[in-house]
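As structure tokens, the structure follows; a few thoughts come after it.
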Amino acid sequence: MTQSFWLLGTHLTILADRTTTDGKYDLIEGYFPPGTQTPPHRHTRYSEQIYVLEGELTAWVNKNKVVLSAGESVFIPMGTPHVVAALSDKPARGLTVSAPSGFAQLIEATGTLNENEAPDIALFNRISSEIGDEILGAPGDIP
Numbered sequence: 020m021t022q023s024f025w026l027l028g029t030h031l032t033i034l035a036d037r038t039t040t041d042g043k044y045d046l047i048e049g050y051f052p053p054g055t056q057t058p059p060h061r062h063t064r065y066s067e068q069i070y071v072l073e074g075e076l077t078a079w080v081n082k083n084k085v086v087l088s089a090g091e092s093v094f095i096p097m098g099t100p101h102v103v104a105a106l107s108d109k110p111a112r113g114l115t116v117s118a119p120s121g122f123a124q125l126i127e128a129t130g131t132l133n134e135n136e137a138p139d140i141a142l143f144n145r146i147s148s149e150i151g152d153e154i155l156g157a158p159g160d161i162p
């Protein structure tokens, strides 16, 4: 059963998580409206692979900027500061594989069902810390 949530302006659908993969990975489909950008962050307990299905995503992995079109992907090693953004005037859609599982837990615990509802930032920070995620700045900042 898939679950969908809004988190920090992005619509995220959990396709697989720790309950279906024995904790080995999460598979998340993301819809990124134009202008959506994550804050700089790093995952200390899992790596991340992002594959673009539609549109264009820009990723900063450490200080390296990569612009990805449909069919392209980027690997973000565990512990690497990064930002992912939809900077064009069109939305983007992509898949994220996080291994081992962890990211889906954050989405499920802190995402909202309503696009305009703000997440509980205290809860977001607590769950981020529990799964080993570190927020390194505000949305709009580059690592």
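In this text, residue positions in the sequence shown follow my numbering: the first is 20, and each later residue adds one.
We put the beta carbon where it would ideally sit given N, CA and C, even for glycine.
These numbers were taken from a predicted model, which means no experiment stands behind them.
> So what does DSSP say about residue 133, is it helix, strand or coil?
Replying inline: Position 114 of the sequence shown, counted from the first residue, corresponds to residue 133. Coil.
> Starting from residue 57 and walking both ways along the beta strand (DSSP E), at which residues does that stretch end?
Replying inline: One-based indexing of the sequence shown puts residue 57 at position 38. In the DSSP assignment, residue 57 falls outside any beta strand (DSSP E) and carries neither an H nor an E.
> By how many angstroms is the C-alpha of residue 102 removed from the C-alpha of residue 132?
Replying inline: The residue given as residue 132 occupies position 113 in the sequence shown. The residue given as residue 102 occupies position 83 in the sequence shown. C-alpha of residue 132 to C-alpha of residue 102: approximately 24 Å in a straight line.
> Under the three-state reduction of DSSP, which class applies to residue 89: helix, strand or coil?
Replying inline: Counting from one through the sequence shown, the residue named residue 89 turns up at place 70. Residue 89 sits in coil when the DSSP states are folded into three classes, being neither helix nor strand.
> Grouping DSSP H, G and I as helix and E and B as strand, with all else coil, what is residue 144?
Replying inline: Taking the sequence shown and counting its residues from 1, one reaches residue 144 at position 125. Per DSSP, reduced to three states, the secondary structure at residue 144 is helical.
> Counting only runs that start and end within the region 65 to 129, where is the alpha helix (DSSP H) found for 4 or more residues in a row?
Replying inline: With a minimum length of 4 residues, the continuous alpha helix (DSSP H) runs that stay inside the region 65 to 129 are 122 to 129.
>> For residue 66, which residues in the same chain have their Cβ closer than 8 Å to its Cβ, ignoring the five residues on either side in sequence?
In response: Taking the sequence shown and counting its residues from 1, one reaches residue 66 at position 47. Excluding positions up to five away in sequence, the list reads 94, 95, 96, 97, 117 and 118.
> Is residue 39 helix, strand or coil by DSSP?
Replying inline: Translated into the one-based positions of the sequence shown, residue 39 becomes position 20. When secondary structure is reduced to three states using DSSP, residue 39 falls in the helix class.
> When burial is assigned at 16 or more other CB atoms within 10 Å of the CB, is residue 38 buried or exposed?
Replying inline: Numbered from 1 along the sequence shown, position 19 holds the residue referred to as residue 38. Result: exposed.
> Expressed to the nearest angstrom, what Euclidean distance is found between the alpha-carbon atoms of residue 145 and residue 151?
Replying inline: Position 126 of the sequence shown, counted from the first residue, corresponds to residue 145. Position 132 of the sequence shown, counted from the first residue, corresponds to residue 151. Each residue's alpha carbon lies about 10 Å from the other.
> With distances taken from CA atoms, which of 81, 68, 107 and 156 is nearest residue 52?
Replying inline: The sequence position of residue 52 within the sequence shown is 33, counting from 1. Per the C-alpha coordinates, the member of 81, 68, 107 and 156 positioned closest to residue 52 is 107.
>> Taking the beta carbon of residue 140 as the centre, do at least 16 other beta carbons fall within 10 Å, making it buried, or is it exposed?
In response: Translated into positions along the sequence shown, residue 140 becomes position 121. It is exposed - the Cβ of residue 140 has fewer than 16 other Cβ atoms within 10 Å.
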